[in-house]
Amino acid sequence: MSPAERNQLIDDLIDQDISEADFLRLEADLSVDPIARAAYYERLQLSLALAEVAAVRPEREAPLPASSRRALVWLAMAALWLAFIGVTSVWFWPRQRAGLAGVESTANGHAALVTQIDAVWSGMAAPLIDGALLPPGMIHLESGLAQIELFSGVRLVVEGEAKFEILSSMEMRLARGRLRAHVPEAAHGFRIHTSEGEIVDLGTEFAVDAAGERAELHVLDGEVEWHPKAAGMLRLVGGEALGLAPGNDPTQMPADDSRFVGLSEINERQKATQETRRKAWLQFSEGLRRDPRLIAAYRMDVPNPGERLVPNLAASGMVKPGAGAIVAAKRVEGRWGQTEGALDFSPAGSRVRVNIPGRHSSLTLLCWVKINSLDRLYNSLFLTDGHEVGAPHWQIMNDGRLFFSVKRSDGHGTTAGGQDKYNFYSPPFWTPLLSGRWILLGAVYDVEAKTVTHFLNGSPLASEAIPEEFLVENVTIGNASIANWSEPAYRRDAEFAVRNLNGSMDEFLLYSAALSAAEIAEIFNQSRP
Amino acid sequence: MTDSSMNEDDFVALLTGVQGALRLYVQSLMPGDASAHDVVQQANTILWKKREDFTPGTNFKAWAFAIARYEVLNYRKQQARDSRLVFGEELEQIVAEDLAERDEDTERRHEALKGCLQKLRQQDRELLLHRYTASAGTLEEFARRTGRSKGGLKVTLHRLRNALLSCIEKQLTPLKFES
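Residue numbers (the working numbering), protein chains in the order written: chain A, 1255 to 1783; chain B, 33 to 211.
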């Protein structure tokens, strides 16, 4: 548990808003870690001191929503607006064109979910992960926070419980909940439909609270128009807010920035969460390293300034391959967002050169990759030089299928039809939505079960029996490349096929054994960012 | 009164001296529970009644803690139906040992806190202090009353507490000069 997470749990405990699972985790941490206990005492003491300060203060009004304060002057002004502007508020807004189906893309949506904090969604067909596109239709965020970016550039922080629908990149409906919107210049005119009327932003930042009976519109910066259903438009500038009760005239009040969670708060918290997960993973991977079946753990996140080497962290393998040599690849952000935590293999010729000694039978290959696109005919993951007998090749076809094979013979007609190997393909797994996202790919060559299984994000994609005549019980690897394919060494012809992976990788694991589906699922769960 | 007991003034001085630690100890066993205050009062009454049992020269804090713990257990028994989460006995023991050894710097921290509170934005300060008033209620109720979402409130309160703690830490750390 990282200090940041632990401190949050301590606060949750003191606020008496902690789940039993978190309570038990915190208790375990406090039991063994004096630093954790010191933090616990410190935070308890702070609450005691704050309670003391609060107790001796003169009784003050609770920090109620600003809506409880009325400003009659402004009310009169509002009435004037209503009278004069009245019905002139006609829209020249490009209506959302429904069902404009594209021909070249299968992606659907107007907005991406950037981050979420303790978010609970209901009615979702698939779990919403960070980076996912928000599905069309009404979305129900039961609790927690979500940061959403519309394609127009509008950034939203939505606080649960909320019900909303993204109609286009410039238009949404808010049925319930609280949100804060930051509207860049390119998205001026962004509008939100509510049950009472429409909000049109003229830039730059405002918030809506439709969590209770009465809705509120707070203009934090810039200018916003409020178009009530029943009357004319009102224009608000930064610092102004409106209370909107059904059937009543709007009431004016000062805007209250502090009531709405901002982007910086959410990002601070998200970074802490990510760091927590990274630390947990580091601990988990310490255990993995000691698995005697693991012969190579090339970790591109380990800093080695100037060395251009990728260390092999496998600690107990039967053979001990040395460090991999980085060729051309650049250091880029890793899957936890840390700088220089991965290698980008998109520059021409990029690869990590390794030598894996020994004879093996079953194999498991796993790697965390972030693929930009599958724009080569063969997109390399792990390939031995050339393609010798008994050597494995693992790559992705440009149609999105995973490819794995071990060469059976030298091709002189020893097998049926003269085939020298059998290629195991997965069904296509790739969609453009996976572009730029960290995914865990895996292949298991199981000599005992005589199967090849492809994995995506801890789940099997496809499993196929190895035909008897193509079963290779003695797998040898030798010189090989990660994320590229090298033709046999000493070849002087400078022309080469472009097969380097157009993307990044930050971890490559090679086991001299077949891992079970459950083990791979566990590795995925413990190592996902 | 035998030689081994002490006079009342000395006992009051001892009792006064451990109030901060006692409050912290009781609260650590019942985090976030507003009744901790009553339990401390109850423990004080019992300590006073049992003052004859205390042997001067032994660890007063440890003795007071043992009695306070008994009061916490009593309280829990009364609340038996309340399924609040409670630390295991082992951790409670460790906490008692930790706090018995700890020197509380209550006065200075309190002063530092007051200064640090002034550095917060007024609406933040109001929000935070109201969280600690008796009427604040549960986090959920408090969120509703202050017109916030629970998730948003959690993030905000946590940030404010972190800001205060690091500010207090800074105030209490003497300035270091380069040598």
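Where is the CB? At the ideal position from N, CA and C, for every residue including glycine.
As the structure is a prediction and not an experimental result, all values here were calculated from the model.
Counting only C-beta atoms, is residue 155 of chain B closer than 8 Å to chain A at any point? Locating residue 155 of chain B in the second sequence gives position 123, counting from the first residue. With 8 Å as the cut-off, residue 155 of chain B counts as an interface residue toward chain A.
Following the continuous beta strand (DSSP E) through residue 1650 of chain A, name the residue where it begins and the one where it ends. Stepping through the first sequence from its first residue, residue 1650 of chain A is reached at position 396. Residues 1646-1651.
For residue 163 of chain B, collect the residues of the same chain with a Cβ closer than 8 Å to its Cβ; drop the 5 residues on either side in sequence, then sort them by chain order. Position 131 of the second sequence, counted from the start, is the residue given in the question as residue 163 of chain B. The residues are 174, 189.
Taking Cβ-Cβ distances below 8 Å as the criterion, which residues of the segment 1275-1291 of chain A are in contact with chain C? This model lacks chain C altogether; the protein chains it does include are A and B.
Which residues in chain B sit within 8 Å of residue 1297 of chain A, going by Cβ to Cβ distance? Along the first sequence, one-based indexing puts residue 1297 of chain A at 43. Around residue 1297 of chain A, the beta-carbon contacts reaching into chain B at under 8 Å are 193, 197.
Any idea what DSSP makes of residue 1704 of chain A, helix, strand or coil? For the purposes of this step, residue 1704 of chain A is taken as residue 450 along the first sequence, with counting starting at 1. Residue 1704 of chain A falls in the coil class under three-state DSSP.
For chain A, is any of its Cβ atoms less than 8 Å away from the one on residue 50 of chain B? The count along the second sequence starts at 1 and reaches residue 50 of chain B at position 18. Not an interface residue.
If I'm right that residue 1402 of chain A touches residue 1367 of chain A with Cβ under 8 Å, what's the distance once you round it to whole angstroms? Your numbering for residue 1402 of chain A matches position 148 in the first sequence. Your numbering for residue 1367 of chain A matches position 113 in the first sequence. Confirmed, Cβ separation roughly 6 Å.
Expected contact under 8 Å - CB spacing of residue 136 of chain B and residue 53 of chain B to nearest Å: For the purposes of this step, residue 136 of chain B is taken as residue 104 along the second sequence, with counting starting at 1. For the purposes of this step, residue 53 of chain B is taken as residue 21 along the second sequence, with counting starting at 1. Correct: roughly 5 Å between the Cβ atoms.
Ignore the nearest five residues each way along the sequence and tell me which others in residue 1353 of chain A's own chain have a CB closer than 7 Å to its CB. Mapped onto the first sequence, residue 1353 of chain A falls at position 99. Only weak support exists for where residue 1353 of chain A lies, its pLDDT of 33 falling under 50; the value from the coordinates is given anyway. The answer is none, since no qualifying residue turns up.
Considering only residues of the same chain and omitting the five flanking positions on each side of residue 1255 of chain A, which have a CB-CB separation below 6 Å? Within the first sequence, numbered from 1, the residue matching residue 1255 of chain A stands at position 1. Here the set comprises 1283.
Per DSSP, residue 1598 of chain A is paired with what? To locate residue 1598 of chain A, count along the first sequence from 1; it is residue 344. Its beta-bridge partners are A:1584, A:1758.
Looking at the structure shown, is residue 1693 of chain A part of a helix, part of a strand, or coil, going by DSSP? Within the first sequence, numbered from 1, the residue matching residue 1693 of chain A stands at position 439. In this structure, residue 1693 of chain A counts as strand in the three-state DSSP scheme.
Closer than 8 Å is the cut-off here; do at least three beta carbon pairs connect the segment 1771-1778 of chain A with the segment 1592-1604 of chain A? no
Between residue 1467 of chain A and chain B, is there a C-beta pair that is closer than 8 Å? Counted from its first residue, the first sequence places residue 1467 of chain A at position 213. Chain B contact via Cβ: absent.
Where does residue 1781 of chain A sit, in a helix, a strand or coil, going by DSSP? Taking the first residue of the first sequence as position 1, residue 1781 of chain A is located at position 527. DSSP places residue 1781 of chain A in the helix class (H, G or I) of the three-state scheme.
Minimum Cβ-Cβ distance from residue 1403 of chain A to chain B less than 8 Å: Position 149 of the first sequence, counting from 1, holds the residue named residue 1403 of chain A. Not an interface residue.
Within 8 Å of any Cβ in chain B, is that where the Cβ of residue 1463 of chain A sits? Translated into the one-based positions of the first sequence, residue 1463 of chain A becomes position 209. Interface annotation, residue 1463 of chain A: in contact with chain B, CB-CB separation under 8 Å.
Let me know if residue 202 of chain B comes out buried or exposed under the rule of 16 or more other beta-carbons within 10 Å of its beta-carbon. Numbered from 1 along the second sequence, position 170 holds the residue referred to as residue 202 of chain B. Residue 202 of chain B should be labelled exposed.
Whether or not the segment 1487-1507 of chain A and the segment 1525-1545 of chain A are in contact is what I'm after, with contact meaning three or more pairs of Cβ atoms, one per stretch, closer than 8 Å; do they touch? no
Along the segment 74-102 of chain B, where does the CB come closer than 7 Å to a CB of chain A? Name the residues. none
Determine the direct distance from the alpha carbon of residue 1398 of chain A to that of residue 1469 of chain A, and round the result to whole angstroms. Your numbering for residue 1469 of chain A matches position 215 in the first sequence. Your numbering for residue 1398 of chain A matches position 144 in the first sequence. Cα-Cα distance, rounded: 20 Å.
Rounded to the nearest angstrom, how far is the Cβ of residue 1477 of chain A from that of residue 1457 of chain A, given a contact under 8 Å? Within the first sequence, the letter at position 223 stands for residue 1477 of chain A. Within the first sequence, the letter at position 203 stands for residue 1457 of chain A. That belief holds up - the Cβ atoms of residue 1477 of chain A and residue 1457 of chain A are roughly 7 Å apart, short of 8 Å.
Residue 170 of chain B CB to nearest chain A CB: under 8 Å? Within the second sequence, numbered from 1, the residue matching residue 170 of chain B stands at position 138. Yes, contact with chain A.
Let's test the definition: count the other Cβ atoms within 10 Å of the Cβ of residue 1760 of chain A and tell me whether it reaches 16, buried, or not, exposed. As a first step, residue 1760 of chain A must be located in the first sequence, where it is residue number 506. Result: buried.
Between residue 196 of chain B and the rest of its own chain, which residues show a CB-CB distance below 6 Å, the 5 nearest in sequence each way excluded? Against the second sequence, residue 196 of chain B aligns to sequence position 164. The beta carbon of residue 196 of chain B lies closer than 6 Å to those of 148 in the same chain, with the five residues before and after it left out.
Near residue 1452 of chain A, what residues of its chain come up, given a Cβ to Cβ distance below 6 Å and the 5 sequence neighbours on each side ignored? As a position in the first sequence, residue 1452 of chain A is number 198, starting the count at 1. Answer for residue 1452 of chain A: 1445, 1481, listed in chain order.
Would residue 1293 of chain A and residue 1264 of chain A be called neighbours here (beta carbons separated by less than 8 Å)? Looking up residue 1293 of chain A in the first sequence gives position 39. Looking up residue 1264 of chain A in the first sequence gives position 10. Cβ atoms of residue 1293 of chain A and residue 1264 of chain A: closer than 8 Å.
Run the CB neighbour count on residue 141 of chain B, radius 10 Å, all protein chains shown included, and call it buried at 16 or more, exposed below. Taking the second sequence and counting its residues from 1, the one referred to as residue 141 of chain B is at position 109. Buried, because 16 or more other Cβ atoms sit within 10 Å of the Cβ of residue 141 of chain B.
Starting from residue 164 of chain B, find everything on chain A with Cβ-Cβ shorter than 7 Å and list it in chain order. On the second sequence, residue 164 of chain B is found 132 positions in, with the first residue counted as 1. Per Cβ cutoff of 7 Å: 1301, 1304, 1305, 1308.
Between which two residues does the alpha helix (DSSP H) harbouring residue 122 of chain B extend? What you label residue 122 of chain B is simply residue 90 of the second sequence in a count that begins at 1. Run containing residue 122 of chain B: 121-133, per the alpha helix (DSSP H) assignment.
Does any CB atom of chain B fall closer than 8 Å to the CB of residue 1376 of chain A? For the purposes of this step, residue 1376 of chain A is taken as the residue at position 122 of the first sequence. No, its Cβ sits nowhere closer than 8 Å to a Cβ of chain B.
8 Å Cβ cut-off: residues of chain A touching residue 140 of chain B: Counted from its first residue, the second sequence places residue 140 of chain B at position 108. By Cβ distance, chain A contributes nothing, its closest Cβ being about 11 Å from residue 140 of chain B, past 8 Å.
Taking C-alpha atoms, which residue in A:1437, A:1586, A:1566 lies nearest to residue 1579 of chain A? Against the first sequence, residue 1579 of chain A aligns to sequence position 325. Among A:1437, A:1586, A:1566, the Cα nearest to that of residue 1579 of chain A is on A:1566.
Can you give, in chain order, each stretch of the beta strand (DSSP E) that sits fully within the segment 1358-1405 of chain A and has at least 3 residues? If one requires a minimum length of 3 residues, the beta strand (DSSP E) runs lying completely within the segment 1358-1405 of chain A are 1365-1376, 1393-1404, in chain order.
List the residues of chain B that residue 1474 of chain A touches, going by C-beta distances under 8 Å, in chain order. On the first sequence, position 220 is the one that residue 1474 of chain A refers to. Chain B residues near residue 1474 of chain A: none, gap ~13 Å exceeds 8 Å.
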